[in-house]
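K.L.:
Sequence order for the protein chains is A and B. With positions in the first sequence counted from 1, the corresponding number in the working numbering is that position plus 119. With positions in the second sequence counted from 1, the corresponding number in the working numbering is that position plus 119.
Number of protein chains: 2
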Amino acid sequence: MKLVCDGLDLSEAIMQVNRGVSTKTTNPILEGIKLTADEDYLMLSATDLELSIEKKIRANIKIEGETVVPGRLFSEFIKKLNNEQIELDLNETNVLSVLYTDSCGKIQCLNSEEFPNIKKYDYEDSFEIKQKDLKNIINKSVFAVATNDVRPILKGCLLEIEDDKIKLIALDGYRLALTKSKIKNASKNLSVVVPAKSLKEIASFLEENDNIVKIYLQKNSLMIEIDNVKITTRLLDGEFINYSQIIPSNFTSTVIINKGQLEDAIERASLLSRVDKGNLIKFDIKEKVLQLLGKSEIADINEKITISLKGNDLVIGFNVKYFSDALRTITDEFIKLNFTSIIAPCVITGVDENGSDKSEFLHLILPVRII
Amino acid sequence: MKLVCDGLDLSEAIMQVNRGVSTKTTNPILEGIKLTADEDYLMLSATDLELSIEKKIRANIKIEGETVVPGRLFSEFIKKLNNEQIELDLNETNVLSVLYTDSCGKIQCLNSEEFPNIKKYDYEDSFEIKQKDLKNIINKSVFAVATNDVRPILKGCLLEIEDDKIKLIALDGYRLALTKSKIKNASKNLSVVVPAKSLKEIASFLEENDNIVKIYLQKNSLMIEIDNVKITTRLLDGEFINYSQIIPSNFTSTVIINKGQLEDAIERASLLSRVDKGNLIKFDIKEKVLQLLGKSEIADINEKITISLKGNDLVIGFNVKYFSDALRTITDEFIKLNFTSIIAPCVITGVDENGSDKSEFLHLILPVRII
């Protein structure tokens, strides 16, 4: 392999592909970036067996070939070069010379035959969505996935396509987050479970703009191409929980509250109540005031927030972390907290200026027994 | 103790004083901030027994008194309030109520009698220096202090006052950094050793401006007041190394080199050579070129930089970390590397456009045997 390419192009591509490099692995080949010099381009690829990231850049190929460079070392090294032109030259003992001006760095590479094959699928289904919408629904749901391995399927988000709508649902047994958005040109209705880690990586490539991205789906794989970076992820096998059964629809107390005020109060309560890791806060809801009560060994807090309440008074306890996680994702000025009883979940929804429900998101949080 | 004060004033003062709170201590009282309400002000103080930070803010004192709040909890909590007015009210069981709008946080405080007394000295000596100059000489020397406890005196910087000049010297047995600046109104010539940690904290309060700060000195204490924050540090006991004996003054090879080029090359060499933690780089100096050679198990590097050399050719080895630490502090475009032999230290100095020495700084780095 021998080629000349633009230093900035190479540096940018490595930074992007490097996100796919395994960080926790016992297999050194997965810590590598595969370089493939072919025709008039250099292809860079990385995979952790679940997620794969690939990017092509233009290059003047003198000798075709391929190798696997140690990912972290190569990316840090190339980042420190500020040369317009870089020559890469692989010798017969798999040592890659990086040539710039009069200087040269040499790196021992790994055997490219040991690098896992990134499968190419014939994708049957697809849909289109704005970059900012996809980024938005991922960031506002993915935090609620399970982090332990008790039920591996819950480490993913359920992605549901129904006509011109997409829903993304995450739940961990204590809380649930659901987000919705519009899509276009969906080939058919379907539902799959996407690993949360892959969704987070995809979101990191998405910009806050109206550009359309196309998502390709197939029985066990999802692929998306964002600005010439191709990201492929394995889908999770198994049945997701029937989430719609969990969400109550009749409530006995409904509170409309300023989201910013609640969030600030919860942050302070969280601080003072987490000292002994109990994380418990009580909501004491009366006609016009929600009182937030928290307590730890060395501190306690009593916050009062003005609300509008329809229905019954209620005293109910929550793990403060679940509330702050959910509130952090909400950008609305006012929200609705819906309750049924002290042992039933709280459902958080959006509300427009007339007090009507908005439906872009829904959070559900299980209460903690306080008696 | 009972008082009302401005929320922003309190928040800012806590953030400043909090830098003096001990983080690694087995004594909980040192993790606290002492509050003293007296006359028309609230005084906040923190100490780790070596360094003390104090700040007074205006307050409407209703009942005088004092207590010690848990530092981290109190500062995080106050930071999260955005109220113009905050009321602090201490009850007879040493619980501090923080009252804001209709809400209230309560924090169990510690016994202020256990808080160490921050000694007040009658300072005999003093000098004046521009904030930016003091910040500059600290940041450009303090990195070279010893980090282990073999010779405790080397964990400080030697501060020498001679007429209208200050010198700050740090050394750790492998390298030395010396910086100089002008001062005013020095009461007399003297030299003391200031703990590096205290100097770093002082530097963090200093701004890049021409405002004059006054430094007070006494046998075993140094005090400085920056923007109403009073910082006091203990001085180190004992004899500092006679550093001027270590610095050679006759050289057989002198190189003038572009500092940025050398720094970039050294950063890359550092990356590729530190893989097996050897950190060794070789300088191969010939008539017009300095070659930088580094090697590790899986990589090696050969960088060429154009230089002007007076004197003999030389091949000499260094720990690359010492070079990059020193170069990072230098802002000059060109520097001079002075050598005597492959076992004698390299002396780095500034150089003006005529090739003459500048004397604001001097770095000395011991070589590593390469044969």
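Glycine included, every Cβ here is placed at the ideal spot set by N, Cα and C. This structure is a prediction, so every number in the text was calculated from the model and none was measured.
1) What do you get for B:L297, buried or exposed, if any count of 16 or more other CB atoms within 10 angstroms of its CB means buried?
2) Run through chain B and tell me which residues come within less than 7 Å of A:Q227, C-beta to C-beta.
3) With 9 Å as the threshold, decide whether the Cβ of B:G224 is near any Cβ in chain A.
4) Among B:L428, B:F196, B:I424, B:G184, whose alpha-carbon lies nearest the alpha-carbon of B:V374?
5) Taking only three categories from DSSP, how would you classify B:Y441?
6) For A:L66 and chain B, any beta-carbon pair shorter than 9 Å?
7) So, is A:M134 buried or exposed, given that buried needs 16 or more other C-beta atoms within 10 angstroms?
8) Secondary structure at A:E247, three-state DSSP: helix, strand or coil?
9) Quick check on this structure: which residue in A:V187, A:I226, A:Y293, A:P314 has the alpha carbon closest to the alpha carbon of A:V140?
10) Looking at C-beta atoms only, is the number of pairs between the segment 477-486 of chain A and the segment 293-308 of chain A that lie closer than 8 Å three or more?
11) Assuming contact is defined by CB atoms lying nearer than 9 Å, are B:V408 and B:I424 in contact in what I supplied?
12) May I ask you to list, following chain order, the residues of the segment 175-190 of chain B that have a beta carbon less than 8 Å from some beta carbon of chain A?
13) What separation, rounded to the nearest whole angstrom, lies between the Cα atoms of B:S317 and B:I454?
14) Taking CB distances under 9 Å as the criterion, tell me whether B:L391 reaches chain A.
15) Comparing C-alpha positions only, which one of A:A315, A:L253, A:S222 sits nearest to A:V264?
16) When burial is assigned at 16 or more other CB atoms within 10 Å of the CB, is A:I288 buried or exposed?
17) Go through the segment 146-209 of chain A residue by residue and report every complete run of the alpha helix (DSSP H) that reaches 4 residues or more, in order.
18) Any residues in the segment 255-277 of chain B with a beta carbon nearer than 8 Å to a beta carbon of chain A? Which ones, in chain order?
19) Report yes if the CB atom of A:K277 is closer than 9 Å to the CB atom of A:V332, and no otherwise.
20) Closer than 6 Å by C-beta to A:N330: which residues in its own chain qualify, once you throw out the five before and the five after it? Chain order, please.
21) Identify the contact partners of A:D383 in chain B, using a Cβ-Cβ distance below 8 Å as the criterion.
22) With 16 other CB atoms within 10 Å as the buried threshold, where does B:T142 fall?
23) Which word fits A:R488, buried or exposed, when buried means at least 16 other C-beta atoms lie within 10 angstroms of its C-beta?
24) May I have a chain-ordered list of the beta strand (DSSP E) segments no shorter than 3 residues that lie completely inside the segment 331-395 of chain B?
25) Nearest to A:L456 by alpha carbon, out of A:N377, A:K414, A:S415, A:N398?
26) Since B:L129 is in the alpha helix (DSSP H), which residue starts that stretch and which ends it?
27) Just curious, the beta strand (DSSP E) that B:F324 is in, first and last residue?
28) Let me see if you follow: with CB-CB separation under 9 Å, is B:K423 close to chain A or not?
29) Smallest Cα separation from B:Q204: which of B:V123, B:I360, B:E173?
30) For B:S130, which residues from the same chain have a beta carbon less than 7 Å from its beta carbon, with the 5 sequence-adjacent residues on both sides left out?
31) When the Cα of A:L309 is compared with those of A:S231, A:E326, A:L215, A:I285, which residue comes out closest?
32) Measure the alpha-carbon distance for A:T448 versus A:S392 and round it to whole angstroms.
33) Could you tell me the distance, in whole angstroms, from the CA atom of B:L290 to the CA atom of A:A165?
34) So if DSSP puts B:N213 in a beta bridge, which residue, or which two residues, is it bridged to?
35) Starting from the beta carbon of A:R447, find every residue of chain B whose beta carbon is closer than 8 Å, and list them in chain order.
36) Against chain A, does B:L399 count as a neighbour if the rule is that its beta carbon must be under 9 Å from one of theirs?
P.N.:
From the atom records:
1) Mapped onto the second sequence, residue 297 of chain B falls at position 178. B:L297 is buried by the Cβ-count criterion.
2) To locate residue 227 of chain A, count along the first sequence from 1; it is residue 108. Correct list: I417, A418.
3) As a first step, residue 224 of chain B must be located in the second sequence, where it is residue number 105. For B:G224, the answer is yes, since a Cβ of chain A falls inside 9 Å of its Cβ.
4) By one-based count along the second sequence, residue 374 of chain B stands at place 255. With distances taken between Cα atoms, B:V374 lies closest to B:L428.
5) The count along the second sequence starts at 1 and reaches residue 441 of chain B at position 322. B:Y441: helix per DSSP, three-state reduction.
6) Outside the displayed span of chain A (120 to 490) sits residue 66 of chain A, for which this structure offers no information.
7) Locating residue 134 of chain A in the first sequence gives position 15, where the first residue counts as 1. Label assigned to A:M134: exposed.
8) Within the first sequence, the letter at position 128 stands for residue 247 of chain A. A:E247: strand per DSSP, three-state reduction.
9) Stepping through the first sequence from its first residue, residue 140 of chain A is reached at position 21. The shortest C-alpha separation from A:V140 is found at A:V187.
10) yes
11) In the second sequence, the residue the question calls residue 408 of chain B occupies position 289. In the second sequence, the residue the question calls residue 424 of chain B occupies position 305. Yes, Cβ-Cβ distance for B:V408 and B:I424 is below 9 Å.
12) P189
13) Translated into the one-based positions of the second sequence, residue 317 of chain B becomes position 198. Translated into the one-based positions of the second sequence, residue 454 of chain B becomes position 335. Roughly 30 Å separates the two Cα atoms.
14) Taking the second sequence and counting its residues from 1, one reaches residue 391 of chain B at position 272. Chain A contact via Cβ: present.
15) For the purposes of this step, residue 264 of chain A is identified with residue 145 of the first sequence, where counting begins at 1. Of the listed residues, the one whose Cα sits closest to A:V264 is A:A315.
16) Counting from one through the first sequence, the residue named residue 288 of chain A turns up at place 169. Its Cβ being crowded by 16 or more others within 10 Å, A:I288 is buried.
17) 190-198
18) none
19) The sequence position of residue 277 of chain A within the first sequence is 158, counting from 1. The sequence position of residue 332 of chain A within the first sequence is 213, counting from 1. For the record, residue 277 of chain A in the displayed sequence is Leu; it is not Lys. No. Outside cutoff.
20) Taking the first sequence and counting its residues from 1, one reaches residue 330 of chain A at position 211. Excluding positions up to five away in sequence, the list reads Q250.
21) Walking along the first sequence from the start, residue 383 of chain A turns up at place 264. By Cβ distance, chain B contributes K199, N201.
22) By 1-based counting over the second sequence, the position of residue 142 of chain B is 23. By the neighbour-count rule (16 or more Cβ atoms within 10 Å), B:T142 is not buried but exposed.
23) For the purposes of this step, residue 488 of chain A is taken as the residue at position 369 of the first sequence. Exposed.
24) 331-337, 340-345, 348-353, 372-377
25) Position 337 of the first sequence, counted from the start, is the residue given in the question as residue 456 of chain A. Closest option to A:L456, Cα to Cα, is A:N377.
26) Numbered from 1 along the second sequence, position 10 holds the residue referred to as residue 129 of chain B. Unbroken alpha helix (DSSP H) run through B:L129: 126-136.
27) If you number the second sequence from 1, residue 324 of chain B lands on position 205. Not the beta strand (DSSP E): B:F324 falls in the alpha helix (DSSP H), residues 315-324.
28) Counting from 1 along the second sequence, the entry for residue 423 of chain B is found at position 304. Taking Cβ atoms only, chain A reaches closer than 9 Å to B:K423, which makes this a yes.
29) One-based indexing of the second sequence puts residue 204 of chain B at position 85. Measuring from the Cα of B:Q204, the nearest candidate turns out to be B:V123.
30) By one-based count along the second sequence, residue 130 of chain B stands at place 11. I197, K198.
31) In the first sequence, the residue the question calls residue 309 of chain A occupies position 190. It is A:I285.
32) On the first sequence, position 329 is the one that residue 448 of chain A refers to. On the first sequence, position 273 is the one that residue 392 of chain A refers to. Between A:T448 and A:S392, the C-alpha separation is close to 22 Å.
33) Position 171 of the second sequence, counting from 1, holds the residue named residue 290 of chain B. Position 46 of the first sequence, counting from 1, holds the residue named residue 165 of chain A. Their Cα atoms are separated by approximately 45 Å.
34) As a working note, residue 213 of chain B is residue 94 in the second sequence. Paired residues: none, contrary to the question.
35) As a first step, residue 447 of chain A must be located in the first sequence, where it is residue number 328. Near A:R447 there are no residues of chain B at all, since even the closest Cβ is about 14 Å away, more than 8 Å.
36) Mapped onto the second sequence, residue 399 of chain B falls at position 280. Closer than 9 Å: no.
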